[in-house]
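As structure tokens, the structure follows; a few thoughts come after it.
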Amino acid sequence: GAGVSQSPRYKVAKRGQDVALRCDPISGHVSLFWYQQALGQGPEFLTYFQNEAQLDKSGLPSDRFFAERPEGSVSTLKIQRTQQEDSAVYLCASRPGGATNEKLFFGSGTQLSVL
Amino acid sequence: ELKVEQNPLFLSMQEGKNYTIYCNYSTTSDRLYWYRQDPGKSLESLFVLLSNGAVKQEGRLMASLDTKARLSTLHITAAVHDLSATYFCAVELDSNYQLIWGAGTKLIIKP
């Protein structure tokens, strides 16, 4: 695709509900990242995939958070039993290779509000 | 723990003026990125700085990196209203590919 696509754009969940956030990276991009951005803050790293392999999940805040990229393209971030502190914008980013000096291409994010 | 600090966090300025945003970081890295974010929009890559002394310019924006001082600057020349946005710097850890982000500088340029 032309850019990184995320859906839904907005998600309102009741506390305790499970949610799934989708990311379609730029076609052919090897690396995929998930970031969490709280209001008025910079993004914080959640997890990193190289193709289908999840190489780093050290930023996931709890075991309620789970991410997958089974075929090395589309990725899903799942949050179980959502809590109010999970409210944030979840950003997906991709880049062409596995190199560490390439710029990231970001999606528009999913704004999650947990009531 | 790596910290990335931006200064100032908020800046209101008049069109035509020059100003500089500073980004200090607390550990060794020679890869620094600048991004722009408009309200409700995605992050847009501005500059990738990959070595000590790197300087890049695009239009009215110029970014530089001093790895010895652990400092990057984003200089705005003759600001125009369209540059109003939040600007983030992000430092890539030497040991891996994680980006550690500053809190952002919200820039408002008044016509």
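If you're matching them up, the sequences are chains A and B in order. Residues in the first sequence are numbered consecutively from 1, following this note's numbering. Residues in the second sequence are numbered consecutively from 1001, following this note's numbering. Idealized CB from N, CA, C, for every residue including glycine.
CB contact flag (residue i, residue j, <8 Å)
{"i": "A1063 of chain B", "j": "T1077 of chain B", "result": "no"}
{"i": "C1023 of chain B", "j": "G1104 of chain B", "result": "no"}
{"i": "L112 of chain A", "j": "R69 of chain A", "result": "no"}
{"i": "Q50 of chain A", "j": "V30 of chain A", "result": "yes"}
{"i": "L1107 of chain B", "j": "L1083 of chain B", "result": "yes"}
{"i": "Q6 of chain A", "j": "S108 of chain A", "result": "yes"}
{"i": "A1079 of chain B", "j": "K1017 of chain B", "result": "yes"}
{"i": "D24 of chain A", "j": "V4 of chain A", "result": "yes"}
From the options, residue whose alpha carbon lies closest to that of residue i
{"i": "L77 of chain A", "options": "A:P8, A:F66, A:L115 and A:Q83", "result": "A:F66"}
{"i": "E71 of chain A", "options": "A:Q54, A:Y10 and A:A93", "result": "A:Q54"}
{"i": "Q83 of chain A", "options": "A:V114, A:S5, A:R95 and A:G97", "result": "A:V114"}
{"i": "V1055 of chain B", "options": "B:E1015, B:R1031 and B:P1039", "result": "B:R1031"}
{"i": "R15 of chain A", "options": "A:P96, A:Q41 and A:D86", "result": "A:D86"}
{"i": "Q1006 of chain B", "options": "B:N1018, B:A1085 and B:L1071", "result": "B:L1071"}
{"i": "P1008 of chain B", "options": "B:G1040, B:I1021 and B:A1085", "result": "B:I1021"}
{"i": "Y1087 of chain B", "options": "B:V1048, B:G1053 and B:E1044", "result": "B:E1044"}
{"i": "I26 of chain A", "options": "A:G97, A:T110 and A:V89", "result": "A:G97"}
{"i": "I959 of chain B", "options": "B:S1012, B:V1004 and B:L1049", "result": "Past the edges of chain B, shown from 1001 to 1111, lies residue 959 of chain B, and the structure says nothing about it."}
{"i": "L1061 of chain B", "options": "B:S1026, B:R1036 and B:V1091", "result": "B:R1036"}
{"i": "Y1033 of chain B", "options": "B:G1059, B:V1004, B:G1016 and B:Q1014", "result": "B:V1004"}
{"i": "Y1025 of chain B", "options": "B:E1092, B:G1053 and B:D1038", "result": "B:E1092"}
{"i": "L91 of chain A", "options": "A:T110, A:Q17 and A:L39", "result": "A:T110"}
{"i": "E52 of chain A", "options": "A:A20, A:F45, A:G42 and A:G28", "result": "A:G28"}
{"i": "D1066 of chain B", "options": "B:P1111, B:G1053 and B:E1001", "result": "B:G1053"}
Exposure label - residue i; buried when at least 16 CB within 10 Å
{"i": "D63 of chain A", "result": "exposed"}
{"i": "T1028 of chain B", "result": "exposed"}
{"i": "F105 of chain A", "result": "buried"}
{"i": "F1010 of chain B", "result": "exposed"}
{"i": "A2 of chain A", "result": "exposed"}
{"i": "A1085 of chain B", "result": "buried"}
{"i": "G42 of chain A", "result": "buried"}
{"i": "Y35 of chain A", "result": "buried"}
{"i": "Q37 of chain A", "result": "buried"}
{"i": "V12 of chain A", "result": "exposed"}
{"i": "Q1014 of chain B", "result": "exposed"}
{"i": "Y10 of chain A", "result": "exposed"}
{"i": "A88 of chain A", "result": "buried"}
{"i": "A1090 of chain B", "result": "buried"}
**OP:** Quick one: which residues of the segment 1014-1047 of chain B get their C-beta closer than 7 Å to a C-beta of chain A? List them in chain order.
**Re:** R1031, Y1033, K1041, S1042, L1043 and S1045
Subject >> Interface positions of the segment 1048-1071 of chain B facing chain A (Cβ-Cβ less than 7 Å), listed along the chain >> reply: V1048 and L1050
Original post:
Taking the runs of the beta strand (DSSP E) that are 3 residues or longer, which of them lie wholly in the segment 1003-1051 of chain B?
Top reply: 1004-1007, 1010-1014, 1019-1025, 1032-1037 and 1043-1049
Original post:
Which full runs of the beta strand (DSSP E) of 3+ residues lie inside the segment 66-108 of chain A, going along the chain?
Top reply: If one requires a minimum length of 3 residues, the beta strand (DSSP E) runs lying completely within the segment 66-108 of chain A are 75-79 and 88-95, in chain order.
**OP:** Can you give me, in chain order, the residues of the segment 1091-1105 of chain B that have a beta carbon less than 8 Å from any beta carbon in chain A?
**Re:** E1092, N1096, Y1097, Q1098, L1099, I1100, W1101, G1102, A1103 and G1104
Original post:
Mind pulling the alpha helix (DSSP H) runs of 4 or more residues that sit fully within the segment 4-56 of chain A?
Top reply: none
Subject >> Residues from the segment 8-41 of chain A in contact with chain B, defined by Cβ distance under 9 Å >> reply: S31, F33, Y35, Q37, G40 and Q41
Original post:
Of all the residues that make up the segment 1077-1090 of chain B, which are near chain A by a beta-carbon distance shorter than 8 Å?
Top reply: F1088 and A1090
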